[in-house]
Each structure stands twice: as structure tokens, then as C-alpha cells.
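Under this note's numbering, the first residue of the sequence shown carries the number 4, and numbering increases by one thereafter.
Idealized CB from N, CA, C, for every residue including glycine.
Source: prediction; values computed, not measured.
This report concerns only the one structure given below.
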Amino acid sequence: MTTEKKEVEIKLPYRLVPFMRYRFVAFIFTLVVSTFCIFTIATKGFNWGLDFTGGTVIETHFSQPADLGKVRSTLEQNGYPSALVQNSGSQKNVIIRLPASAGDTNVGTQIMNVIHQNIDANANIQSIEFVGPNVGEELTQGAIYATLATLAMLLLYVGFRFEWRLAVGGIVALFHDVLVTIGIFSFLQIEIDLTFVAAILSVVGYSLNDSIVVFDRVRENFPKIRRGTSQEVVDISLSQTLSRTLMTSITTLFVVLALYWLGGPTLHSFSLALLIGIAFGTYSSIYVAIALALQLGLKREHMVQPVIEKEGADQASLTDY
């Protein structure tokens with residue numbers, strides 16, 4: 004009894020791109036960027052926002068659309084250089100956030116006196132809230148626990164679904180994307196608030212999705228392409244998914260850029276974190292996740308399940324006599 008093995012002709016949308024030929028250059032670049040981010044975080048730390056450090060939040064209502072730039076400059080000239088000013092719902096509703104060091108029991112009255120004298124005599128206070136250091140510490144712990152819990156669940160998922168070399172590559176790519184994003188925020192000393200935490204979790208999900216698309220195509224192509232080396236199979240798989248990766252990344256970047264330019268100061272940290280995370284997430288799905296798996300020795304026999312012959316399959320059947 005003979006078994007014929009059929010080879011499948013793989014059709015690419017365009018010519019093969021030799022991604023893995025440049026993986027060692029990418030490894031050096033990744034190592035340099037990661038080391039720089041770790042050094043920056045260790046030396047400069049983070050610029051924590053009021054959500055984590057505590058402070059005073061004053062909601063005001065103006066009689067006419069407020070000029071946020073003028074409000075910021077006026078508060079800065081009157082001794083409140085760290086005030087964060089943003090719209091809330093409409094152009095007449097303005098939220099003013101002050102750090103804990105600038106807040107006291109009379110801060111609302113002082114702020115309104117400045118506004119009445121220099122900007123709008125008819126403006127009024129809608130509410131004043133004080134976020135204490137204890138609350139800020141609880142928010143910090145909650146954000147850290149949420150991020151770690153998400154990473155742990157994703158690590159379990161990747162570890163059970165894929166061969167261990169692919170799982171290791173996916174896990175390292177996740178940590179790489181998070182490290183680069185928070186490292187750039189640390190280097191630029193951009194304020195970190197709760198929206199940044201939401202962005203980090205979104206980056207983790209986006210990066211993992213990109214890696215899984217590549218992993219699935221590699222796992223699908225190994226049984227089909229029998230003559231190619233492991234590097235060739237990976238290059239073919241990446242070339243097949245390239246159009247999908249580019250279209251998804253570009254369209255997502257358009258949306259995030261719109262959020263950054265049109266969303267106002269409230270969404271700046273969120274949209275900037277997404278911009279950085281999506282860009283490096285696309286890079287890491289190619290030159291961290293699958294490249295590391297290939298470097299760890301990923302081969303066809305790791306992806307193709309061996310065929311187990313049943314006992315007596317090599318013996319002649321009774322009907323042959």
C-alpha cells in the first residue's frame with residue numbers, strides 16, 4: 004500500500020519578501036531600544052497624573068465658550084503652573100485639575116476669583132472633588148494589578164494554544180511592546196493617567212492579535228510546503244499576511260491620529276500610547292515573535308503531528324485472499 008503526498012502550490016499576492024534575512028539586524032535594534040527604555044525608566048521614572056498622585060478637580064461653567072489656552076495662561080500667571088484645563092461635554096463646561104501640592108480648602112474660591120477677574124465674571128463652580136494620596140495609591144495598585152492579570156491570562160492562552168517556541172516568541176513580543184511604550188512616555192515625561200492604562204491593555208491585545216495571525220499562517224503552511232526550509236516557510240507566511248497587516252495597521256493608525264489631533268488634551272496620552280504600541284506591535288509580530296521562534300529552532304516536525312499507524316495496518320486484509 005503506497006501513500007501519495009501532495010505538495011500544495013502556495014500563491015503569493017506579490018513577490019516573496021525575505022523578512023528573516025534581516026532578523027539579526029532587527030534583534031540588535033530591539034535590544035538597543037529595550038535597553039534604552041529600561042535605562043530611561045530606571046533613571047527618569049514616570050510623570051504620574053492626578054489620578055495616581057491625588058489633587059483637586061474643579062468643574063466650572065462659563066457663560067460663553069471658554070478659550071482653554073487663555074484659561075491655562077491666566078492660571079499659570081496667577082500661581083497655578085501645573086493646572087490641567089480641559090472641556091467637559093461642551094465648550095462652556097471646563098474641568099480644572101490641580102496637583103495635591105497646589106490644593107487646599109480654599110482652592111475653589113481662589114481659582115474662581117482668578118477666573119472672575121480675568122476671564123468670565125459670570126462663571127460658576129459646579130463641583131469640587133479632592134482625590135487624596137491614599138485614593139491615588141489605590142488607583143495605582145489597581146492599574147498595576149489589572150495590567151498584570153491581563154498579561155497572565157494572555158500568557159496562559161498563548162502557552163496552551165501554540166508550540167512552546169511560538170509561545171515564547173509571542174510572550175516576549177508582548178513585553179517588548181509594553182516596555183517600549185512606557186519607556187517612551189518615561190523619556191518624554193508625558194503625564195500618565197488612567198486612560199494610559201486603558202491604552203496599554205489595548206496595545207497588548209492588538210499586538211497579540213497580530214502575532215496570532217502570523218502564527219496561524221505558519222502552522223498552516225508547514226504541512227503544505229514540504230521542500231522549503233523553516234526560514235522560507237516563515238517568509239512565505241509573512242508575505243501572505245503582509246497585505247492584511249498593513250491594511251489593518253494603517254487604517255487603525257488613521258483613527259488613532261484623528262483621536263490625537265481632534266480629541267483634545269484628554270485623549271492625548273491615550274492616543275499617543277496607541278500610536279506607539281500599534282507601530283511597534285506590527286514590528287514585533289515579525290521581528291520579535293516569529294523571528295525569535297525561528298531562532299529557537301522552529302522546524303516542520305514541531306508543527307506537523309506524526310501519523311500513528313494502527314496495529315496490523317501493514318498486514319494484508321482478509322478480502323485480499
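Sequence-distant residues of the same chain with beta carbon closer than 6 Å to residue i, five excluded per side
| i | result |
| --- | --- |
| R75 | V88 |
| L299 | R168 |
| G106 | Bear in mind that a pLDDT of 47 at G106, under 50, signals an unreliable position, so the model cannot answer this. |
| A146 | V200 |
| S214 | G173, A176, S288, A292 |
| G280 | D180, T184, V206 |
| L158 | I174 |
Residues near residue i in its chain [Cβ-Cβ closer than 7 Å; skip 5 each side]
| i | result |
| --- | --- |
| S66 | D123, N125, A126 |
| T43 | G186, S189, F190 |
| L277 | A202, S205, V206, V259 |
| P21 | D238 |
| L295 | V171, G172, V175 |
| P68 | Q94, K95 |
| A282 | none |
| T150 | V200, I203, L204 |
| N50 | Q192, I193, E194, I195 |
Option nearest residue i by Cα separation, candidates the options
| i | options | result |
| --- | --- | --- |
| E132 | N121, T150, G111, A152 | G111 |
| D54 | N109, F39, Q144 | Q144 |
| G58 | I281, I99, T33 | I99 |
| E140 | T56, A170, I253, A294 | T56 |
| G267 | P84, V97, T254, T63 | V97 |
| N109 | I61, I147, A152 | I61 |
| N121 | A149, L270, E79 | E79 |
| T285 | K47, T198, D180, I193 | D180 |
| I195 | G48, L177, I31, C40 | G48 |
| V183 | R220, N212, T254, I41 | I41 |
| A29 | S287, I114, L301 | S287 |
| H64 | M115, S210, P102, T46 | M115 |
| L249 | P226, V216, D70 | V216 |
| Y209 | L197, L301, L154, G72 | L154 |
Host alpha helix (DSSP H) of residue i (start-end)
| i | result |
| --- | --- |
| T255 | 233 to 265 |
| I185 | 167 to 191 |
| F333 | The structure shown does not extend to residue 333, since the chain is modelled only from 4 through 324, so no value can be given for it. |
| Y1 | Only positions 4 to 324 of the chain appear in the structure, and residue 1 is not among them; the question remains open. |
| K302 | Neither: K302 is in no alpha helix (DSSP H) and is coded neither H nor E. |
| L211 | 197 to 227 |
| V110 | 110 to 121 |
For residue i, the first and last residue of its enclosing beta strand (DSSP E)
| i | result |
| --- | --- |
| F133 | 127 to 134 |
Neighbour-count burial assignment, residue i, 16 or more Cβ in a 10 Å radius
| i | result |
| --- | --- |
| L265 | exposed |
| T38 | exposed |
| V236 | buried |
| S130 | exposed |
| L142 | buried |
| T33 | buried |
| R24 | exposed |
| A261 | exposed |
| H119 | exposed |
| F165 | buried |
| V291 | buried |
| A152 | exposed |
| I293 | buried |
Residues near residue i by beta carbon distance below 8 Å, same chain, minus five either side
| i | result |
| --- | --- |
| M156 | none |
| Y263 | L270, H271, S274, L275, L278 |
Where are the alpha helix (DSSP H) runs, 4 residues long or more, that stay fully inside the stretch 35 to 106, in chain order?
-> 53 to 56, 71 to 80
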